[in-house]
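What follows is a short report on a single structure.
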Amino acid sequence: MLGDRDYMRPQPPRGRRVWKARELSAVHLLLAINIGVFVCDAVLRSQGIDLWDYLALSLDGLKHGYIWQILTFQFMHAGVLHIFLNLLTLYFIGRILEPAIGKKEFLRLYLISGAVGGLFQIGCSWIAPQHFGLVSVVGASAGVFGVVGAYAALYPYQRLTLLIFFVLPLSLKARTLIYLAAAVALWGMIFPGGDHIAHAAHLGGMVCGILYLRSRRIARLRADGFSGPSYTRGYTTPSSLFKYKIYGGGSSSRSEDEHSSVIDVEVKEDDDFMEKRVDPILDKISKYGIQSLNDEEREILEKAHKRIRKD
Numbered sequence: 011m012l013g014d015r016d017y018m019r020p021q022p023p024r025g026r027r028v029w030k031a032r033e034l035s036a037v038h039l040l041l042a043i044n045i046g047v048f049v050c051d052a053v054l055r056s057q058g059i060d061l062w063d064y065l066a067l068s069l070d071g072l073k074h075g076y077i078w079q080i081l082t083f084q085f086m087h088a089g090v091l092h093i094f095l096n097l098l099t100l101y102f103i104g105r106i107l108e109p110a111i112g113k114k115e116f117l118r119l120y121l122i123s124g125a126v127g128g129l130f131q132i133g134c135s136w137i138a139p140q141h142f143g144l145v146s147v148v149g150a151s152a153g154v155f156g157v158v159g160a161y162a163a164l165y166p167y168q169r170l171t172l173l174i175f176f177v178l179p180l181s182l183k184a185r186t187l188i189y190l191a192a193a194v195a196l197w198g199m200i201f202p203g204g205d206h207i208a209h210a211a212h213l214g215g216m217v218c219g220i221l222y223l224r225s226r227r228i229a230r231l232r233a234d235g236f237s238g239p240s241y242t243r244g245y246t247t248p249s250s251l252f253k254y255k256i257y258g259g260g261s262s263s264r265s266e267d268e269h270s271s272v273i274d275v276e277v278k279e280d281d282d283f284m285e286k287r288v289d290p291i292l293d294k295i296s297k298y299g300i301q302s303l304n305d306e307e308r309e310i311l312e313k314a315h316k317r318i319r320k321d
């Protein structure tokens, strides 16, 4: 029920609002678990205790019934650089995506994408062992690629600046980044060069992240310089893989230090008003941003939001 959610409950007057300690976000929780497991693994290894046969994902392990490996491998890493790159990406992309879809959905997205990516890598090794090799899979990469894929699906035209070798800046649209990442993963799968990178896991996790976001039809509310909520809706045709529309309107109360607000609701079916009056505005927002709207267009979005609220 919508009323069960904190952001849908009536807020007390600003002067009497009781502030509670901020709940640990999914991103910070995952960062803490990954770092904790990495430290524990390093300590145990220094004592001659190796748990990889039980925690890393492998075809042999699954044959022996170690199904927990589908989860545990996502928190194991091969070295400092391995975990650093994964967690760095998770932090910078995840802190933007999590407020858009919610903590629970973010955790599901991350873990399911990781599991699917890992199993895809193992499946490739099972089908073509001489090509892919029978090796164990470790790392958060598949889940992280799922997060990146979902981010690109939700914000396809958002520009990201990457630091190549931590020095050279490269600015790309999120959608372009996904295309490049998919191309690199496919190249690595077709022409494995002994780099010990699970390219199939990367590709599987990324595709899973995109499809998961679309299948859940997650709606979100964000500020973006506009006073009201914005609802996103994914379309199911292949040609609209990255096409999301935004429904906005209404005012909402936010604490002064909040940068965005979130609503996770089921999106209502469009009527003629939405299609004829709102859709062109949504396309404009998608291309040029919310700040490009004039007063009349903002008023239309206000009316659209009120109609959604009545439903």
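Count along the sequence shown starting at 1, add 10, and that's the number in my numbering.
Using N, Cα and C, we set each Cβ at its ideal position, and we do this for glycine too.
Only a predicted model underlies this, so the values are computations on that prediction, with no experimental measurement involved.
How many Å lie between residue i and residue j at the Cα?
i, j, result
"residue 197", "residue 305", "49 Å"
"residue 219", "residue 191", "13 Å"
"residue 307", "residue 101", "35 Å"
"residue 35", "residue 113", "7 Å"
"residue 111", "residue 156", "14 Å"
"residue 68", "residue 202", "18 Å"
"residue 303", "residue 109", "24 Å"
"residue 290", "residue 189", "27 Å"
"residue 166", "residue 182", "10 Å"
"residue 77", "residue 47", "19 Å"
"residue 56", "residue 168", "44 Å"
"residue 136", "residue 295", "46 Å"
"residue 206", "residue 193", "17 Å"
"residue 89", "residue 43", "16 Å"
"residue 33", "residue 119", "19 Å"
"residue 178", "residue 39", "31 Å"
Within a Cβ cutoff of 7 Å, which residues of the same chain sit near residue i, ignoring the five residues on either side of it in sequence?
i, result
"residue 161", "103, 106, 107 and 184"
"residue 195", "209, 212 and 213"
"residue 7", "Because the chain is modelled from 11 through 321, residue 7 falls outside the range shown and cannot be assessed."
"residue 117", "36"
Report all residues from its chain with a CB closer than 8 Å to the CB of residue i; omit the five preceding and five following residues, and keep chain order.
i, result
"residue 121", "81, 84 and 153"
"residue 45", "93 and 97"
"residue 41", "97, 100 and 101"
"residue 310", "287, 288 and 291"
"residue 54", "60 and 61"
"residue 204", "none"
Using 8 Å as the limit for Cβ to Cβ distance, is residue i near chain D?
i, result
"residue 77", "In summary, chain D is missing from the structure at hand, where a single protein chain is found."
Using a threshold of 8 Å, state whether the C-beta atoms of residue i and residue j are closer than that.
i, j, result
"residue 187", "residue 170", "yes"
"residue 224", "residue 115", "no"
"residue 52", "residue 146", "no"
Rounded to the nearest angstrom, how far is the Cβ of residue i from that of residue j, given a contact under 8 Å?
i, j, result
"residue 148", "residue 87", "6 Å"
"residue 159", "residue 216", "4 Å"
"residue 123", "residue 222", "7 Å"
Looking only at its chain, what residues have a beta carbon closer than 6 Å to the beta carbon of residue i, apart from the 5 residues adjacent to it on each side?
i, result
"residue 71", "79"
"residue 172", "180"
"residue 125", "80"
"residue 199", "209 and 210"
"residue 26", "At residue 26 the pLDDT is 45, less than 50, meaning the model places this residue with poor confidence; the figure from the coordinates comes in the next sentence. Here the set comprises nothing."
Exercise for review: Say whether the region 130-143 touches the region 48-66, bearing in mind that this needs 3 or more beta-carbon pairs closer than 8 Å, one atom from each stretch.
Suggested key: no
Exercise for review: Taking 8 Å as the threshold, find out whether the region 94-103 comes into contact with the region 129-139 through three or more Cβ pairs.
Suggested key: no
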